[in-house]
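2 protein chains.
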Amino acid sequence: MTSSTLHKSRSAERALHLLDTVVTAGSISLGDAARAVDLPTSTALRHLRALEHDGYLDRDPHGMFSVGPTFLRLALTSLREGPAAHLTTAARPHLDRLAETTGESAYLAVRERSRAVYIATAESTRAIRHVGWVGRTVPLSGTAVGTTLTGDGEATVLRNTGGVEPDVAAAVAPVMGPDGTVVAAISVLGPSSRLDDTSTDTVTTAVLVAAEALSRDLRGPT
Amino acid sequence: MTSSTLHKSRSAERALHLLDTVVTAGSISLGDAARAVDLPTSTALRHLRALEHDGYLDRDPHGMFSVGPTFLRLALTSLREGPAAHLTTAARPHLDRLAETTGESAYLAVRERSRAVYIATAESTRAIRHVGWVGRTVPLSGTAVGTTLTGDGEATVLRNTGGVEPDVAAAVAPVMGPDGTVVAAISVLGPSSRLDDTSTDTVTTAVLVAAEALSRDLRGPT
DNA sequence: ACCTAAGTTGTCAACAGACGACATCTTCTT
DNA sequence: AAGAAGATGTCGTCTGTTGACAACTTAGGT
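From first to last, the protein sequence lines stand for chains G and S.
No gaps in the numbering here: position 104 of the first sequence is 104 in my numbering, and each next residue is one more.
No gaps in the numbering here: position 127 of the second sequence is 1127 in my numbering, and each next residue is one more.
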């Protein structure tokens, strides 16, 4: 281990990075993938082949790589079971209620390294609304979700973020695990035209209440 | 097994295997994981740590490993986009219709190495029905789905499998991709008491029709 | 408090096998 | 046809990974 990595396995890291790249891209050629992770094509090919061999990736007749059945299986399993599933299923009713009472889209987000990932949603019924943010990530810094996830728990914010998307306002509250740490954040996103004004208080408290209710659920049952 | 593989990366393979193990287990300790993949704990720890470092895995205060946010992000992404998503979304209406007309649970399955994975479902409304098979795998040999997925495309079968679960009957039909190869299988599963008798023809043709309709959809648009 | 099992950190030598330059073979483009 | 861009195959070198071992630190159980 020469350079800056004091721990880790180079090849594994590269393979994972490649996997990430392919999954994120949806479908990608060898060359593009190699370029994306900055590896010689020969090396990239070897890894992609290995991943394909294990079913993590698939390859269409044109040589494009895409997600394979093995990964799919894991994806489905991880979303049906595991701690994350508890979170999302536990959050579902609260998100639904939030979306219903506020009329906006409600999201559940967790932290991933230096970003936040939206892992569940209950969408607004309105025409103008947030859609399709599940699976998306936003930076921690400069966003309401971010500061809430990194905060010590207390914060509840309503901000016109503007960082990620213009004209978007968010009300966010932290969700605590049984041990008192912040494990997720519930947020309501909507056009700043609707969230900035009168509804502010209503929405803010609604989010707070939902987050606290979810936290209680996580503490209480099972 | 040391060297039957002419290509591949040991560490990457191990890391992936570990990842698979953890995801499948939902939550697992270092020792158990190491035992599961047959590695010394020191090596397993190194890998698990690396995976944790990259966010693929998470660790609770008790040292248990579970799926992490990065993997979650990939899981959600892979299910929202990518070729597999096309399949499932394209299949959804057909599965729903199948479930509705037959009254049984309808599944979409793809091949993973020597197994079949159920990747989507429309569940029966009846009390006695198949549930929760999404993400599950069954062997290719000895099952109706298996033979259909490995077949050259023509086969449509109604069998009392018995292999995987007793008293379960299945009607399966192959779904063809634009290039004429079998890319998936649509199957209806239900108690053999209901599927063995009179409804046989109805169900069989319904499945066949659905599979052909889906194949056509895959050929047609885009 | 004791004892045991599980997890953690560190070291290190040896071997496996990952690396990537390069040569070759396929497609597409023009 | 010619050329370019991409995909694949080959191979010697060197690097990174491995796993045994030992020393501690928790965490549980009695």
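Glycine included, C-beta positions come from ideal geometry on N, C-alpha and C.
These numbers were taken from a predicted model, which means no experiment stands behind them.
Legend entry - Short CB-CB distance (under 7 angstroms) between serine 1066 of chain S and chain G: yes
Legend entry - Partners in chain S for proline 83 of chain G, counting only beta-carbon separations shorter than 8 angstroms: Gly1026, Ser1027, Asp1058, Asp1060, Ser1066 and Val1067
Legend entry - Beta-carbon proximity list for alanine 99 of chain G, same chain, < 7 angstroms, skipping 5 on both sides: Ser105, Ala106, Ala122, Glu123 and Ser124
Legend entry - Within chain G, the residues that threonine 1137 of chain S reaches when beta carbons sit closer than 7 angstroms: Arg73
Legend entry - C-alpha distance - leucine 1006 of chain S paired with alanine 1206 of chain S, whole-angstrom precision: The pLDDT assigned to leucine 1006 of chain S is 49, lower than 50, so where the model puts this residue is not dependable; a value taken from the coordinates is nonetheless given after this. Answer to the nearest angstrom: the Cα atoms are 45 angstroms apart.
Inset, instruction - Please list, in chain order, all residues of the same chain as valine 1067 of chain S whose beta carbon is under 6 angstroms from its beta carbon, the five residues on each side excluded. - result: Val1023
Inset, instruction - Find out if the Cβ-Cβ distance for the pair alanine 1184 of chain S, valine 1172 of chain S is shorter than 7 angstroms. - result: no
Inset, instruction - Please state if the CB of leucine 1140 of chain S and the CB of alanine 969 of chain S are separated by a distance shorter than 7 angstroms. - result: Because chain S spans 1001 through 1222 in this model, residue 969 of chain S falls outside it and cannot be assessed.
Inset, instruction - Compute the distance between the beta-carbons of alanine 12 of chain G and alanine 1015 of chain S, then report whether it is under 7 angstroms. - result: yes
Inset, instruction - Going by CA-CA distance only, name the one from S:Ala1213, S:Arg1219 and S:Leu1218 that's closest to histidine 1094 of chain S. - result: S:Ala1213
Inset, instruction - Express the C-alpha separation of threonine 143 of chain G and methionine 176 of chain G in angstroms, rounding to a whole number. - result: 19 angstroms
Legend entry - Contact the segment 24-31 of chain G vs the segment 64-78 of chain G: 3+ CB pairs below 8 angstroms: yes
Inset, instruction - At 8 angstroms on the CB atoms, spell out the chain G contacts of glycine 1055 of chain S, in chain order. - result: Glu112 and Arg113
Legend entry - Length of the line joining the Cα atoms of tyrosine 118 of chain G and valine 134 of chain G: 5 angstroms
Inset, instruction - Using 10 angstroms around the beta-carbon of serine 1193 of chain S, count the other beta-carbons present and answer buried if the total reaches 16, otherwise exposed. - result: exposed
Inset, instruction - Please go through the same chain and pick out, in chain order, the residues whose beta-carbon is closer than 8 angstroms to the beta-carbon of leucine 149 of chain G, but skip the five residues on each side of it. - result: Ala109, Val110, Arg111, Ala116, Leu140, Pro174, Val182, Ala184 and Ala185
Inset, instruction - Might you give, ordered along the chain, the residues of its own chain that have their beta carbon closer than 7 angstroms to the beta carbon of alanine 1085 of chain S, omitting 5 neighbours on each side? - result: Leu1079
Legend entry - Interface flag, leucine 95 of chain G vs chain S, CB-CB below 7 angstroms: no
Legend entry - arginine 1136 of chain S versus leucine 1208 of chain S: straight-line alpha-carbon distance, rounded: 23 angstroms
Legend entry - In DSSP terms, what glutamate 1081 of chain S is bridged to: Glutamate 1081 of chain S is not bridged to any residue.
Inset, instruction - Compute the Euclidean distance between the alpha carbons of valine 1223 of chain S and glycine 1146 of chain S, then round it to the nearest angstrom. - result: Outside the modelled stretch of chain S, which goes from 1001 to 1222, sits residue 1223 of chain S, for which no answer is possible.
Inset, instruction - Could you tell me whether any Cβ in chain G is nearer than 7 angstroms to the Cβ of valine 1240 of chain S? - result: One cannot answer for residue 1240 of chain S here, as it falls past the ends of chain S, which runs 1001 to 1222.
Inset, instruction - Express the C-alpha separation of alanine 50 of chain G and arginine 10 of chain G in angstroms, rounding to a whole number. - result: 15 angstroms
Legend entry - Residue closest to threonine 1102 of chain S, alpha-carbon to alpha-carbon, out of S:Val1203, S:Leu1218 and S:Asp1217: S:Val1203
Legend entry - Helix, strand or coil at proline 40 of chain G [DSSP, three-state]: coil
Legend entry - Beta-carbon proximity list for arginine 1219 of chain S, same chain, < 7 angstroms, skipping 5 on both sides: Pro1178
Legend entry - Chain-order list of residues whose beta-carbon lies under 8 angstroms from that of proline 1040 of chain S (same chain, five-residue window excluded): Ala1034
Legend entry - Within the segment 1092-1153 of chain S, ranges of the alpha helix (DSSP H) (whole runs, at least 4 residues): 1144-1150
Legend entry - Exposure of arginine 1046 of chain S, with buried meaning 16 or more beta-carbon neighbours within 10 Å: buried
Inset, instruction - Compare the beta carbon distance of threonine 1070 of chain S and glycine 1055 of chain S with 7 angstroms and say whether it is the shorter of the two. - result: yes
Inset, instruction - Compare the C-beta of valine 1182 of chain S against all C-beta atoms of chain G and say whether one is closer than 7 angstroms. - result: no
Inset, instruction - Verify the CB distance criterion: does serine 987 of chain S have a CB-CB separation below 7 angstroms to chain G? - result: Lying outside 1001 to 1222, the shown extent of chain S, residue 987 of chain S is not represented and no answer is given.
Inset, instruction - Measure the Cβ-Cβ separation of threonine 21 of chain G and alanine 44 of chain G and say whether it is below 7 angstroms. - result: no
Legend entry - Closest Cα partner of arginine 59 of chain G within the set G:Asp96, G:Arg92 and G:Leu19: G:Leu19
Inset, instruction - May I have a chain-ordered list of the alpha helix (DSSP H) segments no shorter than 4 residues that lie completely inside the segment 1026-1077 of chain S? - result: 1030-1037 and 1041-1053
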